[in-house]
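> Sending over a structure as structure tokens; questions will come in a sec.
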Amino acid sequence: MESLVIIAIAGAASLICACVALVLFLIHVRRKLAEERQLRAFEAALHSRELDEQRATSASDLDTQKSDLLKALAEVERRNVELEEKLEPIYSIEDELANLRSEIITRLKQIESLKSAYSEKKTTFDSLVAEVAIYDERLAFAELGVYEPHFEFEDSEAYKKEVSVARAHQKMMANEKTAVVSKAKIYVDGSLAKGQTLINRTIRLTLRAFNGEADAAVANVRWNNVNAMESRILAAKNKIDIMNESQQVVISREYAELKLRELYLTHEMREKQRAEREERAEQARLAREEQKLLRDLEAAEEEEARYQRLLDKAKAEANSIAGPHLAAFNEQIAILERDLAAAHSKLARAQAMAEKTRSGWVYVISNVGSFGDGVVKIGLTRRLDPLDRVRELGDASVPFIFDTHAMIYSDDAPTLERALHAEFDATRINAMNYRKEFFRASIDEVEAALKRLAPSATFHRDVEAQDYRETQARRSALLASIDASASTQFPDSL
Numbered sequence: 001m002e003s004l005v006i007i008a009i010a011g012a013a014s015l016i017c018a019c020v021a022l023v024l025f026l027i028h029v030r031r032k033l034a035e036e037r038q039l040r041a042f043e044a045a046l047h048s049r050e051l052d053e054q055r056a057t058s059a060s061d062l063d064t065q066k067s068d069l070l071k072a073l074a075e076v077e078r079r080n081v082e083l084e085e086k087l088e089p090i091y092s093i094e095d096e097l098a099n100l101r102s103e104i105i106t107r108l109k110q111i112e113s114l115k116s117a118y119s120e121k122k123t124t125f126d127s128l129v130a131e132v133a134i135y136d137e138r139l140a141f142a143e144l145g146v147y148e149p150h151f152e153f154e155d156s157e158a159y160k161k162e163v164s165v166a167r168a169h170q171k172m173m174a175n176e177k178t179a180v181v182s183k184a185k186i187y188v189d190g191s192l193a194k195g196q197t198l199i200n201r202t203i204r205l206t207l208r209a210f211n212g213e214a215d216a217a218v219a220n221v222r223w224n225n226v227n228a229m230e231s232r233i234l235a236a237k238n239k240i241d242i243m244n245e246s247q248q249v250v251i252s253r254e255y256a257e258l259k260l261r262e263l264y265l266t267h268e269m270r271e272k273q274r275a276e277r278e279e280r281a282e283q284a285r286l287a288r289e290e291q292k293l294l295r296d297l298e299a300a301e302e303e304e305a306r307y308q309r310l311l312d313k314a315k316a317e318a319n320s321i322a323g324p325h326l327a328a329f330n331e332q333i334a335i336l337e338r339d340l341a342a343a344h345s346k347l348a349r350a351q352a353m354a355e356k357t358r359s360g361w362v363y364v365i366s367n368v369g370s371f372g373d374g375v376v377k378i379g380l381t382r383r384l385d386p387l388d389r390v391r392e393l394g395d396a397s398v399p400f401i402f403d404t405h406a407m408i409y410s411d412d413a414p415t416l417e418r419a420l421h422a423e424f425d426a427t428r429i430n431a432m433n434y435r436k437e438f439f440r441a442s443i444d445e446v447e448a449a450l451k452r453l454a455p456s457a458t459f460h461r462d463v464e465a466q467d468y469r470e471t472q473a474r475r476s477a478l479l480a481s482i483d484a485s486a487s488t489q490f491p492d493s494l
């Protein structure tokens, strides 16, 4: 029992201790809470004080800032005014640019409109020029074209006869009233006879007008306008037929073809006459060469006879001379024998050229000063001295003399000449007149051709062209002196 009391007392004491400890803890907590409240109150008071101080400071700062902002705003407004004043010319320029853009657009539209109108007018102009060209004798306004011959008569007299035949046929058609025809029946004042009289008058006027145009074309036809004259005749027929449509009066196709035939015949007759004149000139030149060959033959015979006489005389005198003078006579005799041999060779060549019409010299020459590099003349001469022909070609008709690249003697000179011409036919400078024997060919090409066709011929590649070279040198020196003189003077303006 006592132990239970002790236990109870011990338990009560423990409980009391626990309560005391709890009370002490609560007191401690309360104290801490009070301290916390005091601390918070102090902090709040301190914070409030700081806030008051900050408010006071902020208010002062705000006043200062407000004053600064007002000053800055005033400065901004002042600068805005200045900028507005400065930008005012720019605004004016922008307005002007806008006006210019608008004007440019307007101008561009006008240009496009003008281009379109010009294109239309140019088309009309070209059409009119093409129509006028056939009436204009200036070659610049008409296309030259290439004329293909319609006839192949032997001589100009045959062409002349055909022209007469064509004109006679035209006259017959006019008399038979088949040149200009009309199938219309026209009444004038109710009268068919008066209508037919009107048609007949129109036919006569039409025939006269067409004949006038066609005859003018035939009279004016030349080598450089034959196609234009052909177009002129056809255009005249078409225009006259259009004007006569109301009366159904037309120029017959056969009559127009006769006019064209007369045009072609007249043109080809004139070309044949020109070729015949050139042929006669060539024949006259050949005849002169034949006469010169005969004169050269006579001169060679006389030269050989003279040397023979001198040699015979020298030998006769040598027979009567002895001693130291004989050696001099023998030397003179040797010289005369060499001269006689040369004269005999010259005579033999002259006789051969006089007797053989195909023997002669084929020459290859050039003229750099007159025709430039890469142009050669390949021709033939039957003169005993072929260089006479070269000198003749370099007469007053060209500014500089010819240089000789090759001079080839041949028993069949025409064949060799034709072979060389065939080699360079594609580069013939004058493709219409084969007597103009100029070709565009390099020295290498000509030399190669000669090696094939005349292997033994001597060919000289170098071109002396002395007069041309000296002229160029003198001109260069003159230009240099002019430049030197000009460089020492002040210019008239800068």
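Residue numbering for the sequence shown follows the UniProt record's numbering, starting at 1 and increasing by one per position.
Backbone N, C-alpha and C define an ideal beta-carbon position, used for all residues, glycine too.
1. Smallest Cα separation from Arg418: which of Phe402, Leu33 and Lys377?
2. Going straight from the alpha carbon of Ala113 to that of Asn227, what length do you get?
3. Check whether the Cβ atoms of Gly379 and Tyr363 lie closer than 9 angstroms to each other.
4. Using DSSP with H/G/I as helix, E/B as strand and the rest coil, what is Ile365?
5. Rounded to the nearest angstrom, what separates Ile93 and Glu120 at their Cα positions?
6. Just the C-alpha distance for Glu157 and Arg274, rounded to the nearest angstrom, thanks.
7. Reducing DSSP to helix, strand and coil, say where Leu478 ends up.
8. Taking 6 angstroms as the limit between beta carbons, can you name the residues of its chain near Tyr187, skipping five residues before and five after?
9. List the residues that DSSP assigns as beta-bridge partners of Ser191.
10. For Tyr434, does the count of other Cβ atoms within 10 angstroms reach 16, so buried, or fall short, so exposed?
11. Span of the alpha helix (DSSP H) holding Leu380?
12. Quick check: the region 396-408 against the region 450-459, are there 3 or more CB pairs under 8 angstroms?
13. Using only the alpha-carbon positions, how far apart do Val181 and Leu207 sit?
14. To the nearest angstrom, how far is the alpha carbon of Gly360 from that of Leu336?
15. Provide the residue(s) that pair with Cys468 in DSSP beta bridges, ordered along the chain.
16. Please work out which residues of its chain come closer than 7 angstroms, Cβ to Cβ, to Ala480, disregarding the five sequence neighbours upstream and downstream, and give them in chain order.
17. Could you pull out every residue in the same chain whose Cβ sits closer than 7 angstroms to the Cβ of Val249, ignoring the five residues on either side in sequence?
18. Determine, using beta carbons only, whether Glu268 and His169 come nearer to each other than 9 angstroms.
19. Using DSSP's beta-bridge definition, name the partner residues of Arg440.
20. Using alpha carbons as the reference points, say which of Val221, Asn225 and Arg232 lies closest to Ala209.
21. In terms of alpha-carbon separation, which member of Ile111, Gln332, Glu304 and Glu303 lies closest to residue 510?
22. Mapping DSSP to helix, strand and coil, what is Asp339?
23. Which term fits Val390, buried or exposed, when burial requires 16 or more other beta carbons within 10 angstroms of its beta carbon?
24. Does the contact criterion of 3 or more C-beta pairs under 8 angstroms hold for the region 465-480 versus the region 428-448?
25. Just the C-alpha distance for Arg382 and Leu293, rounded to the nearest angstrom, thanks.
26. List the whole-angstrom C-beta distance separating Val221 from Leu258, where the pair is believed to meet the contact cut-off of C-beta under 8 angstroms.
27. So, with DSSP's three-state summary, where would you put Ile233?
28. Please classify Gly360: does DSSP put it in a helix, a strand, or coil?
29. I need the straight-line Cα distance from Gly212 to Thr197, nearest angstrom please.
30. Are the beta-carbon atoms of Leu384 and Leu286 separated by less than 9 angstroms?
31. Flag this pair as yes or no: are the beta carbons of Leu265 and Tyr159 separated by less than 9 angstroms?
32. With Ala256 as the anchor, note down where its beta strand (DSSP E) starts and where it stops.
33. Along the alpha helix (DSSP H) that carries Asp388, what are the first and last residues, could you check?
34. Please report the residue range of the beta strand (DSSP E) in which Met432 lies.
35. Look at the Cβ atom of Ala465, then the Cβ atom of Gly369, and state whether they are nearer than 9 angstroms.
36. Suppose contacts are defined by Cβ-Cβ distances below 9 angstroms. Is Ala343 in contact with Glu304 by that definition?
Inspection of the coordinates gives the following:
1. Lys377
2. According to the sequence displayed, residue 113 carries Ser and not Ala. Approximately 38 angstroms, taken between the alpha carbons.
3. yes
4. strand
5. 40 angstroms
6. 13 angstroms
7. helix
8. Gly195
9. Val188
10. exposed
11. Segment Val375 to Thr381 is the beta strand (DSSP E) holding Leu380; no alpha helix (DSSP H) there.
12. yes
13. 10 angstroms
14. 28 angstroms
15. Here residue 468 turns out to be Tyr, not Cys, going by the sequence shown. None, per the DSSP bridge assignment.
16. none
17. Val180, Ser182, Ile199, Thr202, Ile203 and Thr206
18. no
19. Val375
20. Arg232
21. The first residue shown for the chain is 1 and the last is 494, placing residue 510 beyond what the model contains.
22. helix
23. buried
24. no
25. 8 angstroms
26. Going by Cβ atoms, the distance from Val221 to Leu258 rounds to 15 angstroms, so no, they are not a contact pair.
27. helix
28. strand
29. 23 angstroms
30. no
31. yes
32. Counting along the chain, Ala256 falls outside any beta strand (DSSP E), though it belongs to the alpha helix (DSSP H) covering Arg253 to Asn319.
33. Leu387 to Leu393
34. That residue, Met432, is in no beta strand (DSSP E); it is neither H nor E in DSSP.
35. yes
36. yes
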